[in-house]
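In the numbering used here, the protein residues as written are 167 to 489.
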């Protein structure tokens, strides 16, 4: 989470009057992520705490209806998550500083900086359950981080600055985007997906998941692509990005115990994993090279996902998804 928009106490108090909650007694900025502005709000009543999020990217009403509708659909199917709190009017979001804003429940636990095998398995089970639960969710949303948009984002960056950030990457990116787009698999089972189930978006109490957070990239996409994103996020050591076969096996086996992959989906996974790495590389390069001035956010180095992209381009990367 991060903070881009600066809010006064008066603005926050006025926004909170739209909710049937006790008086707020404290507000603390949360600075762990990279997209939206977030604060923890402590209350004197119930709930004791909630997370206030100002949604920074331009997001239309239909897209917000998808995101919050998807969260409530998941919650109705028993998926643990931080559900948005309804306002007195029944709406799940309002306006704050001219931008959409939402108040969501505050979950216990913490995200794993270096996940263990049991946590990887728990995420595989969670993701399988989410994909099954999405089968009867009717709303649709185009991927706001689609691969053509990510390719355009990279083209807008100076190749010399890319090379400075990650040596020997700039020359490979155009070809990697082109190869992935040219061979994108068609007809894979698809539905509403989280699309960003990274370790910092899953909170744990020990090895038990207390809930998933940050559904703002949720969209309609192939389930296998969502699994590939999770694989790229969970199956490497932090920093060095060394592939960890035990985590990979645990994630895959747990997922397939809930929702078995079809042969076509499994064959597509190496390419889908490369696409996942390209998406993260594009946004991290942008944030590293051209950070938002005045934002309270820690940019993440893009080098991690350059290493993961290269791994998924090897025979070892293809074998990572073998049953």
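Glycine included, every Cβ here is placed at the ideal spot set by N, Cα and C. From a predicted model like this one, the values you see are computed outputs, not experimental measurements.
request  = Might you give, ordered along the chain, the residues of its own chain that have their beta carbon closer than 8 angstroms to the beta carbon of residue 216, omitting 5 neighbours on each side?
outcome  = For the purposes of this step, residue 216 is taken as residue 50 along the chain shown, with counting starting at 1. Excluding positions up to five away in sequence, the list reads 187, 206, 207, 209, 251, 269, 270, 271, 272.
task = Kindly indicate which three-state DSSP category residue 204 falls into: helix, strand or coil?
result = To locate residue 204, count along the chain shown from 1; it is residue 38. DSSP places residue 204 in strand when its eight states are reduced to three.
Helix, strand or coil at residue 471 [DSSP, three-state] = One-based indexing of the chain shown puts residue 471 at position 305. Judged by DSSP in its simplified three-state form, residue 471 adopts helix.
ask   = Is there contact between the region 312–329 and the region 448–457, where contact requires at least three CB pairs shorter than 8 angstroms?
value = yes
key: Separation of residue 307 from residue 194, as counted between CA atoms   = For the purposes of this step, residue 194 is taken as the residue at position 28 of the chain shown. For the purposes of this step, residue 307 is taken as the residue at position 141 of the chain shown. Cα to Cα, residue 194 sits roughly 32 angstroms from residue 307.
request  = Run the CB neighbour count on residue 366, radius 10 Å, all protein chains shown included, and call it buried at 16 or more, exposed below.
outcome  = Position 200 of the chain shown, counting from 1, holds the residue named residue 366. Burial call: buried.
inquiry  = Using CA atoms only, rank isn't needed, just tell me which of 233, 176, 434 is closest to residue 490.
reply    = The question about residue 490 has no answer, for the chain in this structure spans 167 to 489.
key: Assigned exposure category for residue 360 - 16 Cβ within 10 Å defines buried   = Translated into the one-based positions of the chain shown, residue 360 becomes position 194. It is buried - the Cβ of residue 360 has at least 16 other Cβ atoms within 10 Å.
ask   = If you draw a straight line from the C-alpha of residue 377 to the C-alpha of residue 248, how long is it?
value = Sequence index remark: in the chain shown, residue 377 carries index 211 (1-based). Sequence index remark: in the chain shown, residue 248 carries index 82 (1-based). Answer to the nearest angstrom: the Cα atoms are 6 angstroms apart.
Proximity winner among 237, 201, 211, relative to residue 223 (alpha-carbon distances) = Looking up residue 223 in the chain shown gives position 57. Closest in alpha carbon position to residue 223, among 237, 201, 211, is 201.
ask   = Hey, out of 338, 262, 190, whose CA is closest to residue 219's CA?
value = By 1-based counting over the chain shown, the position of residue 219 is 53. Considering only alpha carbons, the answer is 262.
ask   = Assuming residue 389 and residue 432 make a contact with CB atoms under 8 angstroms, what is their CB distance in whole Å?
value = Within the chain shown, the letter at position 223 stands for residue 389. Within the chain shown, the letter at position 266 stands for residue 432. Actually they are not in contact, since the Cβ atoms of residue 389 and residue 432 sit about 12 angstroms apart, beyond 8 angstroms.
request  = Answer with buried or exposed for residue 352, where buried requires no fewer than 16 other C-beta atoms within 10 angstroms of its C-beta.
outcome  = Along the chain shown, one-based indexing puts residue 352 at 186. Result: exposed.
message = What would DSSP say about residue 429, mapped onto helix, strand or coil?
response = The count along the chain shown starts at 1 and reaches residue 429 at position 263. DSSP places residue 429 in helix when its eight states are reduced to three.
key: Residue from 287, 180, 192, 253 with nearest C-alpha to residue 412   = Taking the chain shown and counting its residues from 1, the one referred to as residue 412 is at position 246. Nearest C-alpha to residue 412: 287.
ask   = Tell me which same chain residues have a C-beta within less than 7 angstroms of the C-beta of residue 253, skipping the five on either side of it?
value = Stepping through the chain shown from its first residue, residue 253 is reached at position 87. Here the set comprises 184, 185, 260.
message = Per DSSP, what are the beta-bridge partners of residue 405 in this structure?
response = Taking the chain shown and counting its residues from 1, the one referred to as residue 405 is at position 239. Answer by DSSP bridge pairing: none, since residue 405 is not bridged.
Where residue 275 sits in the DSSP three-state scheme = Counting from one through the chain shown, the residue named residue 275 turns up at place 109. Here residue 275 sits in coil by DSSP.
task = Starting from residue 236, follow the alpha helix (DSSP H) in both directions and report where the run begins and ends.
result = As a first step, residue 236 is located in the chain shown; it is residue number 70 there, counting from the start. Segment 227–242, the alpha helix (DSSP H) holding residue 236.
query = Which residue's Cα is closest to the Cα of residue 395: 293, 278, 285?
reply = On the chain shown, residue 395 is found 229 positions in, with the first residue counted as 1. Nearest of 293, 278, 285 to residue 395, Cα basis: 293.
ask   = Out of curiosity, what's the CA-to-CA distance linking residue 265 and residue 257?
value = Residue 265 sits at position 99 when you count from the first residue of the chain shown. Residue 257 sits at position 91 when you count from the first residue of the chain shown. Their backbone Cα atoms lie some 15 angstroms apart in a straight line.
query = Within 10 angstroms of its Cβ, does residue 425 collect 16 or more other Cβ (buried), or is it exposed?
reply = Position 259 of the chain shown, counting from 1, holds the residue named residue 425. With 16 or more other Cβ atoms within 10 Å, it is buried.
message = As a quick exercise: from 472, 310, 337, pick the residue whose alpha carbon is nearest that of residue 402.
response = The residue given as residue 402 occupies position 236 in the chain shown. The candidate whose alpha carbon is nearest that of residue 402 is 472.
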